[in-house]
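So the structure is just underneath, and the comments pick up after that.
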Amino acid sequence: MKKATALLMLAVFLAGGIFSAAAFAAPGKRPQGEALAAIPKGELTENDVQGLLLMREEEKLAMDLYRELGAKWGIRTFTRIAESEQQHTGSVKLLIDRYGLPDPSEGKKAGKFSSPELQKLYDELLEQGSRSRIDALKAGALVEELDIMDLRKAIEETKNEDLRMVFSNLERGSMNHLGAFGRQLSRENVRYEARHMSQEEADSIMNSGSVQGSGRNRESAPGGRWRN
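For the numbering used here, count along the sequence shown from 1 and bump the result up by 16.
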């Protein structure tokens, strides 16, 4: 009963708000939240576990950072995307609960993380983003770049359909967010310089509209996390 309830909650959550209906279900197909309810619970590998824990905190990092930078600079893009990141980290939390994993974000205040690596990244990006509006937007774009690369790695490593479905949705959301930051920078006459994917792909994402399909371009640089 408990497992069924958790599964239903996950389905309702995903169907109800992470993405627009157009992005969430292709024409002729049922919504992914509904499809998820029919997916049996799989066996998690160590990579699956680490991927879930990472994405839980990485999405929280984005949410916390954008709230801080949005409040400091009054840029609505940050406020809107922070709301989406709250849904993103919540969707990963439901998967964490479904598989009975410890929640690394439990009891953590805004800007605080279990991962020392993520804590360092947050502190550095907050310092960078506090310098100027341009630096803030660049920090946001970098977070989304990292998100995309980590999500792609997690998708490639897992065989669990429920994880792949959620991670794929989050990847599309991150691509849309990267596009939003890139277009905001363009309005400031600044071109974002990609650090973790090819410049060609970054430009393509930032010059396009919202991503609805798989939306992936595999010209990205290998790896993905915090290469300086």
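Cβ atoms here follow ideal geometry from the backbone N, Cα and C, with glycine treated the same way.
On a predicted model such as this, the values are computed, not experimentally measured, just so you know.
Between residue 183 and residue 105, the alpha-carbon positions lie close to 11 Å from each other. In this model, residue 144 and residue 122 are separated by some 27 Å (Cα to Cα).
Between residue 91 and residue 170, the C-beta gap is not smaller than 8 Å, which leaves the two residues out of contact.
Uninterrupted alpha helix (DSSP H) stretches at least 4 residues long and entirely within the stretch 44-126 occur at 48-52, 62-89 and 92-114, given in chain order. For residue 165, the enclosing alpha helix (DSSP H) stretches over residues 149-173.
Cα atoms of residue 198 and residue 188: separation of roughly 15 Å, rounded to the nearest angstrom. Between residue 74 and the set 213, 98 and 115, the nearest pair of CA atoms involves 98. Residue environment: residue 136 is assigned as exposed (fewer than 16 neighbouring CB atoms within 10 Å of its CB, all protein chains considered). Separation of residue 57 and residue 176 (C-alpha to C-alpha, rounded to the nearest whole angstrom) is 8 Å.
Comparing C-alpha distances from residue 214 to each of 71, 158 and 87 shows the shortest one belongs to 158. Secondary structure of residue 129 (DSSP, three-state): coil. The residues 72, 119 and 121, in chain order, have a CB closer than 8 Å to that of residue 109 in the same chain once the five nearest residues on each side in sequence are set aside. For residue 182, the uninterrupted alpha helix (DSSP H) segment begins and ends at 177-203.
Residue 210 sits in coil when the DSSP states are folded into three classes, being neither helix nor strand. Under the three-state reduction of DSSP, residue 146 is assigned to coil, being neither helix nor strand. Per DSSP, the unbroken alpha helix (DSSP H) holding residue 220 starts and ends at 215-223. A straight-line Cα-Cα distance of about 23 Å links residue 67 and residue 210. Burial state of residue 163 is buried, judged by a 10 Å Cβ sphere holding 16 or more other Cβ atoms. When the Cα atoms are used, residue 154 and residue 160 turn out to be separated by approximately 10 Å. Distances from the alpha-carbon of residue 81 to those of 64, 100, 219 and 63 put 100 closest.
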